[in-house]
């Protein structure tokens, strides 16, 4: 049986690796932003990803500004980050996406296809009541 793909991130962060792609709710860059800030609370990170999902944030969103920021309550995207942050967040987010693709590929290879039972059917003995 094929081995489950492992998440290989460029910056490590083993303590905050998601258990599955479902945890980032289609927002891998939100996950990677909080990992880049050394957040160790995966529940907190997942909640930020859910927030992005519920607000239909841009696909490359990383975080939402607060009400006192300029601009207030706005999703900041990867391209809006400083160069150092942008590269780290993008690299980690892309590692998450690559891992997701590898898991999907493995899952597709492991799909069990049903047999054509009609071709394999064995006739049952005749019911004596039918004769």
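In this note's numbering, the protein residues as written are -2 to 128. Here a beta-carbon is modelled for each residue, glycine too, at the ideal position from N, C-alpha and C.
Within the segment 60 to 108, complete beta strand (DSSP E) segments of at least 3 residues are found at 72 to 74, given in chain order.
Taking C-alpha positions only, residue 46 is separated from residue -1 by approximately 30 Å. Remark: C-beta atoms of residue 48 and residue 28 do not approach each other more closely than 9 Å. Shown here, residue -1 sits in coil according to DSSP, grouped into three states, outside any helix or strand. For residue 90, the CB contacts under 6 Å within the same chain, skipping 5 residues up- and downstream, are 25, 26 and 29 in chain order. 92 is the residue among 62, 53, 105 and 92 whose C-alpha sits nearest the C-alpha of residue 5.
Scanning 78, 68, 50 and 73 for the CA closest to the CA of residue 58 turns up 73.
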